[in-house]
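Just below is one structure, and these are the notes that go with it.
The following block contains the structure:
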């Protein structure tokens, strides 16, 4: 179907060459968004939540830390038996463990918990929220265009990670059956497939009820892995010395190349760190900080210490030290508990994919697709069928194709490290241009994280031939889709503007000569300038106008939510015409009839049965006019044809909508 109504975005550009277009689109939205004041920066702003801090912290443990919480299942093991195996001796054990500890400290605790979590966009986090925040505060310039590019790349990489995480997590947990009983090895793959299909199949029912169990289950899981770790440390307490960074340095002096390659496996210990930032809007900064510092971090550290202590005493158990730490009688329950934890971790990243998709649609980087709300109370609980089934298909392809978590580990990490490196770049822009830290401090902090994240990303590049190409291929496809849609929307607006009639000319030369009929007509327009094509087509074919005519534009601002009382702007322009703008946040639902029901300034109240909605349907024709390559124009036209209709997206009543079509060359 057509994309006749295109919500405005204050960040429409996608490349550095689009800077001029960004400059023309940013100021108005930026000014409007800043009316409520800025809430970012180190002083911070925490979203308001009605629940207690302890309740929110438990919820964060269940959702935010599911991915990073299950990393002990495979990260230490992969450092020794992965693509670049290491000798299982004290020097390498101490070196790897020291790297894991300082990676969690520098990347998660300092970078994300103490710094990035303060970069909230009105309480919301994530790459797109950070992108909107920087664009709003900086205004139009070349650096903003660079930020847009970085934000889009990070979003594309997130989808690659969202595909690998469920496959890697579930496989690594179910493989514990091989430790319980080697004869179960043939069941690992089918059981994993069944679990994943079931997980994606229940998404349409919503996660509200299941979500209440996430926190308690993960609390039990963290407690169990901590106890296992303490038992292991008790057997070899000297392992505690590995916290000393000297052992990480010695590792690099002992074998620099192997140590560098080992970073590709060490980084698996912090996969899921981006969730701390992306899920900030659900739980608030304080709850996430408390959950990490008091539960997740110490429990994870104890488990890694315990696994390493086990390897000091029994190097041959490196095949799966996580499950082999448990006594024989406890391994099957540990497999079951770990499987539940990986399902929770997968659920979190799937929900994240839904949220990112919704934000991308609202900000103008994806076409309208069907979004279902699964809770009448929580607006953030949504289900996106297209994203759900595409993820399932690709996850199953990974599981069947790679067959084991060992093989999948080669594909895991490159998307995560790429996203982390981009976040470090955006952090540099934030500290220099938005927070305006002292240049020396901003340069030092940014430089440290660029070096650390850059080293991990460089190490993971070596995995490309062994499977790292898969998330990069997915990210490339997503990047093409995001940029093609954003660029195509700009070109479409330009073409429509070329054929539009100035508002004053229309009112003075046409209105008094046309028959007026009772009722209200609402013409949805992608721009606040000129007469929308649907109005001109209606006048051309029907030769009438309603007594009250509303020219309506829906604009998406660079903030998560707009208060109801601030959403609507109405201007009476004479002759029964009204220009109305509905401003929504990029996490708000675009429900046009509901907004009109609250408005009385446009000639009185709106009666549903006396109001008709007019939409323009453009059939796009690829051409050689300047703009995009022919293949991208054809891709854009295909996306428009298959996008959700404006009637569905804006919740318009089906029996009150009239569509008028035309052809347009791109």
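Residue numbers (the working numbering): 99 to 764.
Even glycine gets a Cβ: it sits at the ideal position worked out from N, Cα and C.
A direct Cα-to-Cα measurement between residue 175 and residue 325 gives close to 19 Å. Shown here for residue 615: same chain residues with a beta carbon closer than 8 Å to its own, the five before and five after excluded, namely 642, 643, 644 and 645 in chain order. Under the DSSP definition of a beta bridge, residue 620 partners with 648 and 711. In the DSSP assignment, residue 675 is bridged to 647 and 672. Bounds of the alpha helix (DSSP H) holding residue 691 are 690-695.
Residue 757 sits in a strand when the DSSP states are folded into three classes. By the CB criterion at 8 Å, residue 508 and residue 565 fall inside the cutoff.
For residue 698, the number of other beta carbons within 10 angstroms of its own is below 16, and it is reported as exposed. In this structure, the alpha-carbon of residue 382 lies about 48 Å from that of residue 602. Between the stretch 320-335 and the stretch 404-420, the count of C-beta pairs closer than 8 Å reaches three or more; the two stretches touch. Under the DSSP assignment, residue 518 falls in the alpha helix (DSSP H) whose first and last residues are 512-527. In this structure, the beta-carbon distance from residue 184 to residue 346 does not fall below 8 Å. Judged by DSSP secondary structure, residue 336 falls outside any alpha helix (DSSP H); it is assigned neither H nor E.
By the Cβ rule, the stretch 524-540 does not count as touching the stretch 381-399, because fewer than three pairs are nearer than 8 Å.
In the DSSP annotation of this structure, residue 392 is not part of any alpha helix (DSSP H), being labelled neither H nor E.
Proximity to residue 686 across 661, 240, 547 and 339 peaks at 661, based on C-alpha coordinates.
No Cβ-Cβ contact shorter than 8 Å links residue 454 with residue 251. Counting of Cβ neighbours within 10 angstroms places residue 466 among the buried residues, the total reaching 16 or more. For residue 263, the uninterrupted alpha helix (DSSP H) segment begins and ends at 240-272. When C-beta atoms of the stretch 514-528 are compared with those of the stretch 543-553, three or more pairs fall below 8 Å, so the two segments count as touching. Per DSSP, residue 684 lies in no alpha helix (DSSP H) segment and is marked neither H nor E. Going by DSSP, residue 188 is part of the alpha helix (DSSP H) stretching over 188-201. Going by DSSP, residue 540 is part of the alpha helix (DSSP H) stretching over 537-559. Residue 292 counts as exposed, since fewer than 16 other C-beta atoms from the protein chains shown sit within 10 angstroms of its C-beta. The stretch 425-433 makes no contact with the stretch 690-708, as fewer than three CB pairs between them are under 8 Å. The beta carbons of residue 246 and residue 231 sit no closer together than 8 Å. In terms of CA proximity to residue 576, 257 leads the group 313, 725 and 257. With fewer than 16 other beta carbons inside 10 angstroms of its own, residue 692 counts as exposed. In this structure residue 649 is in contact with residue 630, their Cβ atoms being roughly 6 Å apart against a cut-off of 8 Å. The alpha carbon of residue 667 has as its nearest neighbour, out of 654, 681, 655 and 673, the alpha carbon of 681. With distances taken between CA atoms, residue 173 lies nearest to 370 out of 189, 370, 679 and 456. The Cβ neighbour count for residue 727, taken over all protein chains shown within 10 Å, is under 16; the residue is labelled exposed. Within a 10 Å sphere around the beta-carbon of residue 585 sit 16 or more other beta-carbons, which makes this residue buried.
If you ignore the 5 residues before and after residue 621, its C-beta comes within less than 6 Å of the C-beta of 630, 632, 633, 649 and 712, all in its own chain and listed in chain order. Distance between residue 598 and residue 626, taken at the CA atoms: about 11 Å. Taking all protein chains shown into account, residue 270 has 16 or more neighbouring C-beta atoms within 10 Å of its C-beta and is therefore buried.
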